[in-house]
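Protein chains: 2
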Amino acid sequence: MSSTIPFHETLDLTLCGSMGRVHRLCRDAVTLAVEPLGLTQSRWTVMIHLFHLNQGCTQQELAHSLGIEMPSLTRTIKQLEQQQIIVREADAEDKRSKRLYFTEQGLNLLETLRVIIADVKQNLYADLTTNQLDTMAHGLVQMEKNARQCINHYSGDK
Amino acid sequence: MSSTIPFHETLDLTLCGSMGRVHRLCRDAVTLAVEPLGLTQSRWTVMIHLFHLNQGCTQQELAHSLGIEMPSLTRTIKQLEQQQIIVREADAEDKRSKRLYFTEQGLNLLETLRVIIADVKQNLYADLTTNQLDTMAHGLVQMEKNARQCINHYSGDK
DNA sequence: TCCAATTACTTAGCATGCTAACTATTATAT
DNA sequence: ATATAATAGTTAGCATGCTAAGTAATTGGA
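Have a look at this one:
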């Protein structure tokens, strides 16, 4: 399909900018769709990841799953706790850790959320073939690896 | 290549999260590499886009090229102006518009910036084939289109 | 011609990512 | 056994995206 000049060559680093933009737009789309539930981007994202992990995971594990740093998560967790969607319980073994659980109410909200998201997801992925999506997913993983190496290189770490 | 379960299926909406993460990491990598130049992510990004457009473009045009909103750009422009990297000149025809130009100093900085970025880019795209990058670029464009439609749909516009 | 709508830009303030620095707990090494 | 390291979480404050609302200039219709 590339007998012509490869499309990405015209983009300089714009591939990267493109990802940021698409990311924002996808999250905006979902956030709009779930607006009636009173959830922001970071809040529904945390809920989905907590669903995919086991309930009872630590904040550390959740932050890792999300690919964000702890302080970013702390803020969102606090909001979800205030909305009584999740609860934090200190781990008996290791008193530093806190384990996260959905409340009854939170589980109900989660169900609704998942239904809506499944729908939005179909729209977002429309006209993209399975192979295309697969290539993108793999490419992103590779780029993530590259970027981390790059960062290590430039920050002069061991 | 997908006789097994397609990789992206395991990701739920994580493809979207992945993009956000890779976007942040790529920008971090470049920002680290250009650290000696005293530029933040938003500032070097604006410089690169201004380079690709014609100098003398309006803020409107630049914001569109960047895919960000005007207020986000205004802040960055102001910083670049304070660093004497670019200047804003009121358009003679339409006094509402301001046209953007690199200063002498800004042009020199731009050259250095471009050299460094070309290098980082190579590292970021390492081990990705041209076809892969192409597929990703096209996929992103399609997803951006989908997301915008989605947003229009859910915001109940005309 | 002149008032209303539109456009380019700005300002103010929010959302969500980050790093740096703090506390409390646990693990390690002498 | 105890002092030092590391780890989980928090707090404070920055960077950069956004929307809403304001100003000044332009356009367009009565």
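Protein chains in written order, with the numbering used here: chain A, 1 to 158; chain B, 1001 to 1158. Glycine included, C-beta positions come from ideal geometry on N, C-alpha and C. Remember, it's a predicted structure, so these values are computed and weren't measured experimentally.
Q: Whole angstroms is fine: what's the gap from I68 (chain A)'s alpha carbon to L1140 (chain B)'s?
A: In the first sequence, counting from the first residue as 1, residue 68 (chain A) sits at position 68. In the second sequence, counting from the first residue as 1, residue 1140 (chain B) sits at position 140. The alpha-carbon atoms of I68 (chain A) and L1140 (chain B) are separated by roughly 22 Å.
Q) Span of the alpha helix (DSSP H) holding I85 (chain A)? A) Working through the first sequence from its first residue, we reach residue 85 (chain A) at position 85. Per DSSP, I85 (chain A) belongs to no alpha helix (DSSP H) and is neither H nor E.
Q: Kindly indicate the opening and closing residues of the beta strand (DSSP E) around K1098 (chain B).
A: Here the question's residue 1098 (chain B) lines up with position 98 in the second sequence. Residues K1098 to F1102.
Q) Using 7 Å as the limit for Cβ to Cβ distance, is C1026 (chain B) near chain A? A) The residue given as residue 1026 (chain B) occupies position 26 in the second sequence. Taking Cβ atoms only, chain A reaches closer than 7 Å to C1026 (chain B), which makes this a yes.
(Q) For E81 (chain A), tell me which candidate among A:A92, A:Y101, A:S97 and A:D91 has the shortest Cα-Cα distance. (A) Your numbering for residue 81 (chain A) matches position 81 in the first sequence. With distances taken between Cα atoms, E81 (chain A) lies closest to A:Y101.
**Q.** Assigned secondary structure, A1090 (chain B) (DSSP; H/G/I helix, E/B strand, else coil)
**A.** The residue you call residue 1090 (chain B) lines up with position 90 of the second sequence. DSSP places A1090 (chain B) in strand when its eight states are reduced to three.
Q. Between which two residues does the alpha helix (DSSP H) harbouring L62 (chain A) extend?
A. Indexing the first sequence from 1 puts residue 62 (chain A) at position 62. That run of the alpha helix (DSSP H) goes Q59 to L66.
(Q) Helix, strand or coil for E69 (chain A)? Go by DSSP, reduced to three states. (A) Mapped onto the first sequence, residue 69 (chain A) falls at position 69. Reduced to three states, the DSSP call for E69 (chain A) is coil.
Q: From the DSSP output, in three-state form, read off Y1125 (chain B) for me.
A: Here residue 1125 (chain B) is taken as the residue at index 125 of the second sequence, counted from 1. Coil.
Q.
According to DSSP, is K95 (chain A) part of a helix, a strand, or is it coil?
A. For the purposes of this step, residue 95 (chain A) is identified with residue 95 of the first sequence, where counting begins at 1. K95 (chain A): coil per DSSP, three-state reduction.
Q: Would you identify the three-state DSSP class for Q55 (chain A), choosing helix, strand or coil?
A: Residue numbering aside, residue 55 (chain A) sits at position 55 when the first sequence is read from its first letter. DSSP places Q55 (chain A) in coil when its eight states are reduced to three.
Q.
Between V34 (chain A) and chain B, is the shortest Cβ-Cβ distance under 7 Å, so that the two count as touching?
A. As a working note, residue 34 (chain A) is residue 34 in the first sequence. No, V34 (chain A) lies away from the interface with chain B (no Cβ there is under 7 Å from its Cβ).
(Q) For chain A, check one thing: does any of its Cβ atoms lie closer than 7 Å to the Cβ of I1159 (chain B)? (A) Look at the range of chain B in this structure, 1001 to 1158, and you will see that residue 1159 (chain B) is not part of it.
**Q.** Opening and closing residue of the alpha helix (DSSP H) in which G139 (chain A) lies
**A.** Indexing the first sequence from 1 puts residue 139 (chain A) at position 139. That run of the alpha helix (DSSP H) goes T130 to Y154.
Q.
Using beta carbons (cut-off 7 Å, strictly below), is A1147 (chain B) in contact with chain A?
A. By one-based count along the second sequence, residue 1147 (chain B) stands at place 147. So, interface residue.
Q: Run down chain A in chain order and give the residues with a C-beta less than 8 Å from the C-beta of E1144 (chain B).
A: To locate residue 1144 (chain B), count along the second sequence from 1; it is residue 144. Residues of chain A passing the Cβ test: S18, R21, V22 and L25.
Q: Please list the partners that S72 (chain A) has in chain B, where partner means a Cβ-to-Cβ separation under 7 Å.
A: Taking the first residue of the first sequence as 1, we reach residue 72 (chain A) at position 72. Ordered by position in chain B, no residue passes the 7 Å Cβ test against S72 (chain A), which lies about 11 Å from the chain.
Q: Could you list which residues in chain A have their beta carbon closer than 8 Å to that of G1139 (chain B), in chain order?
A: Taking the first residue of the second sequence as position 1, residue 1139 (chain B) is located at position 139. What G1139 (chain B) touches in chain A: L128, Q132, L133, T135 and M136.
Q) Once you ignore the five residues that flank I1086 (chain B) on each side, which residues in its own chain have a CB closer than 6 Å to its CB? A) Translated into positions along the second sequence, residue 1086 (chain B) becomes position 86. Once the five neighbours on either side are set aside, the close Cβ partners of I1086 (chain B) are L1080, L1100, F1102 and G1106.
Q) Assuming V1034 (chain B) contacts I1116 (chain B) under a Cβ cut-off of 8 Å, what Cβ separation, rounded to an integer in Å, is found between them? A) In the second sequence, counting from the first residue as 1, residue 1034 (chain B) sits at position 34. In the second sequence, counting from the first residue as 1, residue 1116 (chain B) sits at position 116. About 5 Å; that satisfies the 8 Å criterion.
Q. With distances taken between CB atoms, is the gap from M19 (chain A) to M1019 (chain B) smaller than 7 Å?
A. Here residue 19 (chain A) refers to the residue found at position 19 when the first sequence is read from its first residue. Here residue 1019 (chain B) refers to the residue found at position 19 when the second sequence is read from its first residue. Going by C-beta atoms, M19 (chain A) is nearer than 7 Å to M1019 (chain B).
Q. Considering only residues of the same chain and omitting the five flanking positions on each side of S155 (chain A), which have a CB-CB separation below 8 Å?
A. On the first sequence, residue 155 (chain A) is found 155 positions in, with the first residue counted as 1. No residues qualify anywhere along the chain.
(Q) Which of the three DSSP states is assigned to G1017 (chain B) in this structure? (A) Taking the second sequence and counting its residues from 1, the one referred to as residue 1017 (chain B) is at position 17. In this structure, G1017 (chain B) counts as helix in the three-state DSSP scheme.
Q) Within 7 Å (strictly less), CB to CB, does G67 (chain A) reach chain B? A) One-based indexing of the first sequence puts residue 67 (chain A) at position 67. With 7 Å as the cut-off, G67 (chain A) counts as an interface residue toward chain B.
Q: Indicate whether the contact test is met: 3 or more Cβ pairs, each with one atom in the segment 1025-1039 of chain B and one in the segment 55-63 of chain A, closer than 8 Å.
A: no
(Q) Against A63 (chain A), what residues of chain B qualify as contacts under a CB-to-CB distance less than 9 Å, listed in chain order? (A) Here residue 63 (chain A) is taken as the residue at index 63 of the first sequence, counted from 1. Ordered by position in chain B, no residue passes the 9 Å Cβ test against A63 (chain A), which lies about 12 Å from the chain.
Q. Can you list the residues of chain A that V1115 (chain B) reaches, using a CB-CB cut of under 8 Å?
A. Here residue 1115 (chain B) corresponds to residue number 115 of the second sequence, with the count starting at 1. The contacting residues do not exist; V1115 (chain B) stays about 13 Å from chain A at best.
Q) Which residues of chain B have a Cβ atom closer than 8 Å to the Cβ of R123 (chain A), listed in chain order? A) For the purposes of this step, residue 123 (chain A) is identified with residue 123 of the first sequence, where counting begins at 1. For the record, residue 123 (chain A) in the displayed sequence is Asn; it is not Arg. What N123 (chain A) touches in chain B: N1146, Q1149, C1150 and H1153.
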